[in-house]
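Participant: In UniProt numbering, the protein residues as written are 1 to 434.
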Ligand code: HEM
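#1: Under a three-way DSSP split, which group does residue 152 fall into?
#2: List the DSSP bridge partners of residue 414.
#3: When every heavy atom of the ligand HEM is checked, does at least one fall within less than 8 Å of the C-beta of residue 243?
#4: Which residue marks the beginning of the alpha helix (DSSP H) containing residue 176, and which one marks its end?
#5: Given residue 64, which residues of its chain have a CB within under 7 Å of its CB, disregarding the five upstream and five downstream residues?
#6: Where are the beta strand (DSSP E) runs, 3 residues long or more, that stay fully inside the stretch 315-390, in chain order?
#7: For the beta strand (DSSP E) holding residue 105, just list the boundary residues, first then last.
#8: Quick check: is any heavy atom of the ligand HEM less than 8 Å from the C-beta of residue 71?
#9: Beta carbon of residue 237: closer than 8 Å to some heavy atom of the ligand HEM?
#10: Output the distance between the C-alpha atoms of residue 444 and residue 407, rounded to the nearest integer angstrom.
#11: So, with DSSP's three-state summary, where would you put residue 3?
#12: Nearest CA to the CA of residue 61: which residue from 117, 93, 92, 233?
#13: Is DSSP giving residue 68 helix, strand or coil here?
#14: Check whether the stretch 243-257 touches the stretch 305-313, counting contact only when three or more Cβ pairs, one atom from each stretch, lie closer than 8 Å.
#15: May I ask you to check if the CB of residue 306 is nearer than 8 Å to at least one heavy atom of the ligand HEM?
#16: For residue 155, count neighbouring C-beta atoms within 10 Å of its own C-beta (all shown protein chains included) and say buried if the count is 16 or more, exposed if not.
#17: Looking at the unbroken beta strand (DSSP E) that takes in residue 81, where does it start and where does it end?
#18: Return yes when the C-beta of residue 343 is under 8 Å from any heavy atom of the ligand HEM, and no when it is not.
#19: Following the continuous beta strand (DSSP E) through residue 252, name the residue where it begins and the one where it ends.
#20: Measure the CB-CB distance between residue 263 and residue 102 and report whether it falls below 9 Å.
#21: When DSSP builds the beta bridges, which residues end up paired with residue 200?
#22: Between 109, 330, 304, which lies nearest to residue 293 when the distance is taken from Cα to Cα?
#23: Looking only at its own chain, which residues have a Cβ that is under 6 Å from the Cβ of residue 171, when we skip the five neighbours before and after it?
#24: Can you tell me whether residue 121 is helix, strand or coil according to DSSP?
#25: Specify the secondary structure class of residue 308 as computed by DSSP and reduced to three states.
#26: Which of the three DSSP states is assigned to residue 296 in this structure?
#27: Let me check you understand the geometry: is the CB of residue 410 closer than 8 Å to at least one non-hydrogen atom of the ligand HEM?
#28: Would residue 199 and residue 109 be called neighbours here (beta carbons separated by less than 9 Å)?
#29: Hey, quick one: how far does the alpha helix (DSSP H) through residue 214 stretch, first residue to last?
#30: I need the DSSP call for residue 392, collapsed to helix, strand or coil.
#31: By the DSSP assignment, the alpha helix (DSSP H) with residue 277 in it spans what residues?
#32: What number of angstroms, rounded off, separates the C-alpha of residue 415 from the C-alpha of residue 152?
#33: Nearer than 8 Å: is that true of the beta carbon of residue 356 relative to any heavy atom of the ligand HEM?
#34: By DSSP, does residue 265 sit in helix, in strand, or in coil?
#35: Across which residues does DSSP place residue 140 in a beta bridge pair?
#36: Label residue 335 either buried or exposed according to how many other C-beta atoms from any shown protein chain fall within 10 Å of its C-beta, with 16 as the threshold for buried.
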């Protein structure tokens, strides 16, 4: 179901989506909800934009955190890729419709992991519809190939709506209210739909959280039949990611000036995983070397899925600076170790805010990889560091996709770049923000 273009979710697609998002128990909960037999009540939202944060991407104080302050992203997520039905710039009626559809969500659901977090973003192709240009200093190029060894489909749809909640029934209901034929959302009347203005080009679903990948690993392309994904892992590859101190803050990624002040830029990759060799040919220490760094394995810094690390991934400046040496000594380099080289500004601040989650769309183990940053260039620089082309010169053992972090196991399928405008401009903005 997930990538199929359609106006709304058919019954069969709904069932498949519910299972993809939440497993069989979520399907039962969802079906009950759709029969209007409510489970736990969902907290309601607010009726006016003024009661909401000014940043659409302000999630951190609205989601769960672990004991170390690491963000626990909402367990169920949907990405709706949307195209406008007409050529040229959208008019006032369309803008009012989108605004009303999004306001319905705000009123229906508390803006939190228990209700719904959502954000609307727009592509460079969308802004090309207008005669006016985006501000010169806004770094939002069209998506492109970012390594010699990838052939992604480039996502150039007009808009991307991101829905996220700890409740599968909530993201599904919100999706139905925006693109299907539901007349109410959590008791609030639906007067306007996104599909009055947009068509749904692709619907991609996912999940993240301890236990969820292991629960879903059976009969999935990309995961060995032995079911090796650790029970407690939040991700298919067996480790936790997104430690607080290795993430940019929401403040840091926010645009400070210009018409879109309060907004940010978003890159979204979709990455297919093939984990047969990851689990079949590598032992735990080798996986730690390739995910974090060889020193992490040597010093036993990572236990289990990595929660032993606390609030940061344990990379020291020495591990980052001496990566060539590590490559020669151990014949491998770590994914995090490589990326960190480009992920600090001159003052030592982390540049990217990663918010990735897993997917079983089309019965393939994959990852949806949204990151937020002030400009897309920051993402591209980190991705270049991750390509690690330079490291193949350090030793013959490290090759373009072998012993080079996790590149052997991941394959980029899609890339898209978007502007996440501030809340007040989230409905079909113009390039000048007027
Ligand atoms: C299946 C795909 C991926 C998995 C399972 C994964 C997992 C991880 C893990 C476990 C870490 C170490 C803990 C942490 O700092 O979060 C990490 C770090 C990191 N990853 Fe990934 N990652 C994936 C893909 C990517 C991609 C495509 C990028 C894009 C450039 C990326 C960028 C980073 C960055 C920037 C760091 C932090 C390094 C630092 O600055 O300290 N990752 N990743």
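Every residue, glycine too, gets a C-beta built ideally from N, C-alpha and C.
If you're wondering where the values come from, they're calculated on a predicted model, not measured in any experiment.
Facilitator: Put simply:
#1: coil
#2: According to DSSP, residue pairing for residue 414 in a beta bridge involves 153, 270.
#3: Result yes, Cβ under 8 Å from the ligand HEM.
#4: 168-179
#5: 72, 113
#6: With a minimum length of 3 residues, the continuous beta strand (DSSP E) runs that stay inside the stretch 315-390 are 357-359, 366-373.
#7: Premise fails: residue 105 lies in the alpha helix (DSSP H), 92-108, not in any beta strand (DSSP E).
#8: no
#9: yes
#10: There is simply no residue 444 to check, as the chain begins at 1 and stops at 434 in what is shown.
#11: With a pLDDT of 41 at residue 3, under the threshold of 50, the predicted position of this residue should be treated as unreliable, though the coordinate-derived value follows. Here residue 3 sits in coil by DSSP.
#12: If you compare the alpha carbons of 117, 93, 92, 233 with that of residue 61, the shortest gap goes to 117.
#13: Coil.
#14: Yes, the stretch 243-257 touches the stretch 305-313.
#15: yes
#16: buried
#17: 76-84
#18: yes
#19: Here residue 252 belongs to no beta strand (DSSP E); instead the alpha helix (DSSP H) covers 250-253.
#20: no
#21: 82
#22: 330
#23: 76, 78, 163, 165
#24: strand
#25: helix
#26: helix
#27: yes
#28: no
#29: 212-216
#30: helix
#31: 276-280
#32: Going by C-alpha positions, residue 415 is about 6 Å away from residue 152.
#33: yes
#34: strand
#35: For residue 140, which the question treats as bridged, DSSP gives no partner whatsoever.
#36: buried
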